[in-house]
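K.L.:
Protein chains in written order, with the working numbering: chain A, 49 to 378; chain B, 49 to 378.
All residues carry an ideal CB built from backbone N, CA and C; glycine is no exception.
Remember, it's a predicted structure, so these values are computed and weren't measured experimentally.
The structure that follows is given in the form of structure tokens.
Number of protein chains: 2
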Amino acid sequence: MSVATVSRTLAGNYPVSDATRARVTAAVEALHYVVNVHAKALSGRVAGPVALVLQDITGPSLAHVAAGAEQEAAARGRLSLVCATHSDQDREDDLVQLMREQHAAAVVLVGGAVLDDGYQARMAEYARALDAAGSRLVLCGRPPLPGDLPVTVVEYDNRGGAFQAVDHLLGAGHRRVLFLAGEPLNTSAEERRTGYRQALRAHGVDYAGELDIPGPYTRVSGYQRTRAALDEGLDFTAVFAGTDVVAVGALAALREAGLSVPGDVSLVGFDDVPFAADLTPALTTVRVPYEDLGRTAVRLALERENRLAGDDHVVLGTQLVIRQSVRPPK
Amino acid sequence: MSVATVSRTLAGNYPVSDATRARVTAAVEALHYVVNVHAKALSGRVAGPVALVLQDITGPSLAHVAAGAEQEAAARGRLSLVCATHSDQDREDDLVQLMREQHAAAVVLVGGAVLDDGYQARMAEYARALDAAGSRLVLCGRPPLPGDLPVTVVEYDNRGGAFQAVDHLLGAGHRRVLFLAGEPLNTSAEERRTGYRQALRAHGVDYAGELDIPGPYTRVSGYQRTRAALDEGLDFTAVFAGTDVVAVGALAALREAGLSVPGDVSLVGFDDVPFAADLTPALTTVRVPYEDLGRTAVRLALERENRLAGDDHVVLGTQLVIRQSVRPPK
DNA sequence: CTCCGACCAGTAATCGTTTACCGAGCGGCG
DNA sequence: CGCCGCTCGGTAAACGATTACTGGTCGGAG
Numbered sequence: 049m050s051v052a053t054v055s056r057t058l059a060g061n062y063p064v065s066d067a068t069r070a071r072v073t074a075a076v077e078a079l080h081y082v083v084n085v086h087a088k089a090l091s092g093r094v095a096g097p098v099a100l101v102l103q104d105i106t107g108p109s110l111a112h113v114a115a116g117a118e119q120e121a122a123a124r125g126r127l128s129l130v131c132a133t134h135s136d137q138d139r140e141d142d143l144v145q146l147m148r149e150q151h152a153a154a155v156v157l158v159g160g161a162v163l164d165d166g167y168q169a170r171m172a173e174y175a176r177a178l179d180a181a182g183s184r185l186v187l188c189g190r191p192p193l194p195g196d197l198p199v200t201v202v203e204y205d206n207r208g209g210a211f212q213a214v215d216h217l218l219g220a221g222h223r224r225v226l227f228l229a230g231e232p233l234n235t236s237a238e239e240r241r242t243g244y245r246q247a248l249r250a251h252g253v254d255y256a257g258e259l260d261i262p263g264p265y266t267r268v269s270g271y272q273r274t275r276a277a278l279d280e281g282l283d284f285t286a287v288f289a290g291t292d293v294v295a296v297g298a299l300a301a302l303r304e305a306g307l308s309v310p311g312d313v314s315l316v317g318f319d320d321v322p323f324a325a326d327l328t329p330a331l332t333t334v335r336v337p338y339e340d341l342g343r344t345a346v347r348l349a350l351e352r353e354n355r356l357a358g359d360d361h362v363v364l365g366t367q368l369v370i371r372q373s374v375r376p377p378k
Numbered sequence: 049m050s051v052a053t054v055s056r057t058l059a060g061n062y063p064v065s066d067a068t069r070a071r072v073t074a075a076v077e078a079l080h081y082v083v084n085v086h087a088k089a090l091s092g093r094v095a096g097p098v099a100l101v102l103q104d105i106t107g108p109s110l111a112h113v114a115a116g117a118e119q120e121a122a123a124r125g126r127l128s129l130v131c132a133t134h135s136d137q138d139r140e141d142d143l144v145q146l147m148r149e150q151h152a153a154a155v156v157l158v159g160g161a162v163l164d165d166g167y168q169a170r171m172a173e174y175a176r177a178l179d180a181a182g183s184r185l186v187l188c189g190r191p192p193l194p195g196d197l198p199v200t201v202v203e204y205d206n207r208g209g210a211f212q213a214v215d216h217l218l219g220a221g222h223r224r225v226l227f228l229a230g231e232p233l234n235t236s237a238e239e240r241r242t243g244y245r246q247a248l249r250a251h252g253v254d255y256a257g258e259l260d261i262p263g264p265y266t267r268v269s270g271y272q273r274t275r276a277a278l279d280e281g282l283d284f285t286a287v288f289a290g291t292d293v294v295a296v297g298a299l300a301a302l303r304e305a306g307l308s309v310p311g312d313v314s315l316v317g318f319d320d321v322p323f324a325a326d327l328t329p330a331l332t333t334v335r336v337p338y339e340d341l342g343r344t345a346v347r348l349a350l351e352r353e354n355r356l357a358g359d360d361h362v363v364l365g366t367q368l369v370i371r372q373s374v375r376p377p378k
């Protein structure tokens, strides 16, 4: 029996007699035969995997994006490669190169990025290099790139979310809102800052630079910045944390200082991570549809593969979830 | 210039004149050339990827295992495929088949499993099939298989961890400890139950079946089971939750019933997820080295690849983290 | 009885690399 | 001056599948 016969039998789209079909399946059983993807990919084409590139898998929001993306990829018969960069730019460069070699269908860069000098040129380079290799670059949770690049962008409304959060605080009567921002130049952080300032302006409150404190989106940074603000005697009655994780740190610092939340200080977060509702007090925060974000990113990239049509820019909305960490100032 | 020259130049392990090297690199630049992994894999060998198979990426403990595994894999130059099964056995079967085709170096099954009738036969089948395809099956967070199978097992001390937790409660004077177990036949759950019972015996306390309540490791189940126990008027002064997430649900139910933790009821969890310390009260729980678990799983599997030697069974220890959710009964 | 078409199976080219083997050019040494 | 060996580049086989093309067998129709 020739290899051609076996191949056709397994493919199933060619007339094969029942006798040979039986012989083939029997041999497959006996020899534990499995096709070799590499060989298969070389001739008839195999659908490429989806690559998920993120800073850290354990971050609650990033994990949800990854979960959504994996789910969508699996539903479309793709495997998902997930890679952590730990904010290492060289690693990201390597990964893009690797994914070209792997013939990934899509390379999804997840999460905000620091918008430094080389950023846009680097992304443009990624987009072109991946496009030339037949892969699609997807930016997920970061803003679009200028120019006409082969890239798909799926973002969410950071500015609007922040606006809602701060509007809620100001609507309750607060005027001095400490903003625990993100890192300087971080795209998400900047957009949230814009929302913060717009809400301030909408309520006729002057922006006070000393209340806008940058720092990483981590628990300990939230704790330290809040603690420092308290030690400096900064005047504020509410805190808008750039992230729920930061809010948790802030909560710890406030409590440690003998301040009650929301009795003395109100607190709003961002992300609506699963445990936000389980804090004491339950955290009022901005819900971001993270799983949707991941699903949409993969869906758009994979839809592009076939027909040329299709969106290549989507903005998902956010939603303020009111719980129990906000109260009018005393 | 022949392809052979190009290949050798790029490989770099063959004498090539500077002139040709320059020509090659120039052409690579100009044509945006990248090697094709599939072709490469067909001839000279390419190191296979690591496959991480877990129920759900967003579970805090599973995410940490995945992060550790990905990190170790990346450090060894491997890509990581991550796949969610959502507890679907057929999907798991498909995945094992897929990974054979992919020539994965290791297939890591992460998290406890339900030990039903077919379980061991199925795992044995996986182990043999993967072994025949040159892959290594790794069981991560579940017990070893009987018999002499080509499988690597990396587990942690569920029984010992549960013992420590319950011992701590009993040592504080509690005698009626509600156990919010896992699902019936789930390996982790059964081991934790064993630890619970052993601790009881060690303190001369009789095991009371009505205090041992099975259910899924979810927040809502923790809430519902605690609520039901309260409604039934069950007598208990402490709760040992099979998981921190379950503990969170229990905490909500207790609080809703007007009971203070740890004033009226003490509470211990399991896992030490990141937010455990941020609950009110900070949760006393059992720390499991999840990242280590993932790293070790990948390390052992990959070490096997070369030399035949190496461990194929490791048990990692757990550690009781005492915080503020336990107090002697009134 | 012959011829044609349907049905089935084999031959060989192809995908993109790697690498064993071969051979050409050339410099040094006897 | 001739031979040897080193340097460097080409030829071709192999990896494992898919598939166009070819060809053989058999049944039915003319």
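1. How do the region 144 to 157 of chain B and the region 91 to 102 of chain B stand: do at least 3 beta-carbon pairs fall below 8 Å, yes or no?
2. Note down, in chain order, each residue of its chain lying with its Cβ closer than 6 Å to the Cβ of H112 (chain A), except the 5 sequence neighbours on either side.
3. Run down chain B in chain order and give the residues with a C-beta less than 9 Å from the C-beta of E118 (chain A).
4. At what residues does the alpha helix (DSSP H) containing T38 (chain A) begin and finish?
5. I believe F211 (chain B) touches A247 (chain B) by the beta-carbon criterion, under 8 Å. Please report the beta-carbon distance rounded to the nearest angstrom.
6. Can you give, in chain order, each stretch of the beta strand (DSSP E) that sits fully within the region 122 to 156 of chain A and has at least 3 residues?
7. At which residues does the alpha helix (DSSP H) containing E238 (chain A) begin and terminate?
8. Consult DSSP for D284 (chain B) and reduce its assignment to one of helix, strand or coil.
9. Are T379 (chain B) and F323 (chain B) touching if we call contact CB-CB under 8 Å?
10. With contact counted as at least three CB pairs below 8 Å, one residue from each stretch, are the region 130 to 150 of chain B and the region 363 to 374 of chain B in contact?
11. What do you get for T73 (chain A), buried or exposed, if any count of 16 or more other CB atoms within 10 angstroms of its CB means buried?
12. I'd like to check one pair, L129 (chain B) with L129 (chain A): are the Cβ atoms closer than 8 Å?
13. Taking A59 (chain B) as part of the alpha helix (DSSP H), name the residues at either end of that continuous run.
14. Have a look at B:R273, B:V199 and B:E238 and flag the residue whose alpha-carbon is nearest the alpha-carbon of L226 (chain B).
15. Got a sec? Which residues, its chain only, sit under 8 Å from G189 (chain A) by beta carbon, not counting five neighbours each side?
16. With a cut-off of 8 Å, do at least 3 Cβ pairs link the region 184 to 199 of chain B to the region 217 to 231 of chain B?
17. Quick one: which unbroken beta strand (DSSP E) runs of 3-plus residues sit fully inside the region 199 to 228 of chain A? Chain order, please.
18. Is DSSP giving S109 (chain A) helix, strand or coil here?
19. Give me the residue from B:L193, B:H151 and B:A277 with the minimum Cα distance to R93 (chain B).
20. Do you know offhand how far Y6 (chain B)'s Cα is from L302 (chain B)'s?
21. What are the uninterrupted segments assigned as alpha helix (DSSP H) that are 4 or more residues long and contained completely in the region 268 to 354 of chain A, given in chain order?
22. Which whole-angstrom value is the C-beta distance of A305 (chain A) and L278 (chain A), which I expect to be below 8 Å?
23. From the DSSP output, in three-state form, read off V76 (chain A) for me.
24. How would you write the range of the alpha helix (DSSP H) that V176 (chain A) sits in, first residue to last?
25. Counting along the chain, where does the beta strand (DSSP E) carrying A89 (chain A) start and finish?
26. Have a look at A229 (chain A) and V293 (chain A) and give me their C-alpha separation to the nearest angstrom.
27. Locate the beta strand (DSSP E) running through A99 (chain A), then write down its first and last residues.
28. Rounded to whole angstroms, what's the CA-CA distance from G311 (chain A) to L217 (chain A)? Just pull it up for me.
29. When the Cα of P262 (chain B) is compared with those of B:L233, B:M171 and B:V313, which residue comes out closest?
30. For L228 (chain B) and chain A, any beta-carbon pair shorter than 8 Å?
31. Please classify L143 (chain B) as buried or exposed, where buried requires at least 16 other C-beta atoms within 10 Å of its C-beta.
32. Please list, in chain order, the residues of the region 179 to 200 of chain A that have any C-beta partner in chain B closer than 8 Å.
P.N.:
Reading it off the structure:
1. Yes, since at least three Cβ pairs between the region 144 to 157 of chain B and the region 91 to 102 of chain B fall closer than 8 Å, the two stretches touch.
2. As a first step, residue 112 (chain A) is located in the first sequence; it is residue number 64 there, counting from the start. Cβ neighbours of H112 (chain A) beyond the five flanking positions: Y338 and E339.
3. Taking the first sequence and counting its residues from 1, one reaches residue 118 (chain A) at position 70. Close to E118 (chain A), with beta-carbon spacing below 9 Å, are these residues of chain B in chain order: I105, V130, C131 and A132.
4. Past the boundaries of the shown model lies residue 38 (chain A); chain A is included only from 49 to 378, so the question cannot be answered.
5. In the second sequence, counting from the first residue as 1, residue 211 (chain B) sits at position 163. In the second sequence, counting from the first residue as 1, residue 247 (chain B) sits at position 199. F211 (chain B) to A247 (chain B), Cβ: 5 Å. Contact.
6. You should have 128 to 132.
7. Position 190 of the first sequence, counted from the start, is the residue given in the question as residue 238 (chain A). Start and end: T235 to A250.
8. Numbered from its first residue, the second sequence carries residue 284 (chain B) at position 236. The sequence given here places Phe at residue 284 (chain B); Asp does not occur at that position. Of the three classes helix, strand and coil, the one that applies to F284 (chain B) here is coil, per DSSP.
9. Residue 379 (chain B) lies beyond the stretch modelled for chain B, which goes from 49 to 378, so this question has no answer here.
10. Contact annotation: the region 130 to 150 of chain B does not touch the region 363 to 374 of chain B, with fewer than three C-beta pairs closer than 8 Å.
11. Here residue 73 (chain A) refers to the residue found at position 25 of the first sequence. By the neighbour-count rule (16 or more Cβ atoms within 10 Å), T73 (chain A) is not buried but exposed.
12. As a working mapping, residue 129 (chain A) is identified with position 81 in the first sequence. As a working mapping, residue 129 (chain B) is identified with position 81 in the second sequence. Yes, Cβ-Cβ distance for L129 (chain A) and L129 (chain B) is below 8 Å.
13. As a first step, residue 59 (chain B) is located in the second sequence; it is residue number 11 there, counting from the start. Segment V51 to A59, the alpha helix (DSSP H) holding A59 (chain B).
14. Here residue 226 (chain B) refers to the residue found at position 178 of the second sequence. Checking every option, the nearest Cα to that of L226 (chain B) belongs to B:R273.
15. Residue numbering aside, residue 189 (chain A) sits at position 141 when the first sequence is read from its first letter. Counting only residues of its own chain and dropping the five nearest sequence neighbours on each side, G189 (chain A) has a CB closer than 8 Å to the CB of V113, V158, G159, G160, V202, E203, Y204, S236 and L341.
16. The region 184 to 199 of chain B, when compared against the region 217 to 231 of chain B, does not touch it at the 8 Å Cβ threshold.
17. At a cut-off of 3 residues, the continuous stretches assigned as beta strand (DSSP E) that sit fully inside the region 199 to 228 of chain A are 199 to 204 and 225 to 228.
18. Stepping through the first sequence from its first residue, residue 109 (chain A) is reached at position 61. Note: S109 (chain A) maps to helix in three-state DSSP.
19. Against the second sequence, residue 93 (chain B) aligns to sequence position 45. Closest by alpha carbon: B:H151.
20. Absent from the structure is residue 6 (chain B), since the part of chain B shown begins at 49 and ends at 378.
21. Here the runs fully enclosed are 292 to 304 and 338 to 354.
22. Walking along the first sequence from the start, residue 305 (chain A) turns up at place 257. Walking along the first sequence from the start, residue 278 (chain A) turns up at place 230. Taking the Cβ atoms as the reference, A305 (chain A) lies roughly 5 Å from L278 (chain A), within the contact range of under 8 Å.
23. Looking up residue 76 (chain A) in the first sequence gives position 28. DSSP places V76 (chain A) in the helix class (H, G or I) of the three-state scheme.
24. As a first step, residue 176 (chain A) is located in the first sequence; it is residue number 128 there, counting from the start. Before going on, a small fix: residue 176 (chain A) reads as Arg here, not Val. Annotation: the continuous alpha helix (DSSP H) that includes R176 (chain A) extends over Y167 to A180.
25. Taking the first residue of the first sequence as 1, we reach residue 89 (chain A) at position 41. No beta strand (DSSP E) holds A89 (chain A); the alpha helix (DSSP H) holding it covers V85 to L90.
26. In the first sequence, counting from the first residue as 1, residue 229 (chain A) sits at position 181. In the first sequence, counting from the first residue as 1, residue 293 (chain A) sits at position 245. Cα-Cα distance, rounded: 12 Å.
27. Counted from its first residue, the first sequence places residue 99 (chain A) at position 51. Start and end: V98 to L102.
28. Residue 311 (chain A) sits at position 263 when you count from the first residue of the first sequence. Residue 217 (chain A) sits at position 169 when you count from the first residue of the first sequence. Taking the straight line from one Cα to the other gives about 14 Å.
29. The residue labelled residue 262 (chain B) in the question sits at position 214 within the second sequence. The candidate whose alpha carbon is nearest that of P262 (chain B) is B:L233.
30. Taking the second sequence and counting its residues from 1, one reaches residue 228 (chain B) at position 180. Judged by the 8 Å Cβ criterion, L228 (chain B) is not in contact with chain A.
31. By one-based count along the second sequence, residue 143 (chain B) stands at place 95. Its Cβ being crowded by 16 or more others within 10 Å, L143 (chain B) is buried.
32. With the criterion set as a beta carbon lying under 8 Å from some beta carbon of chain B, the members of the region 179 to 200 of chain A are A180 and A181, in sequence order.
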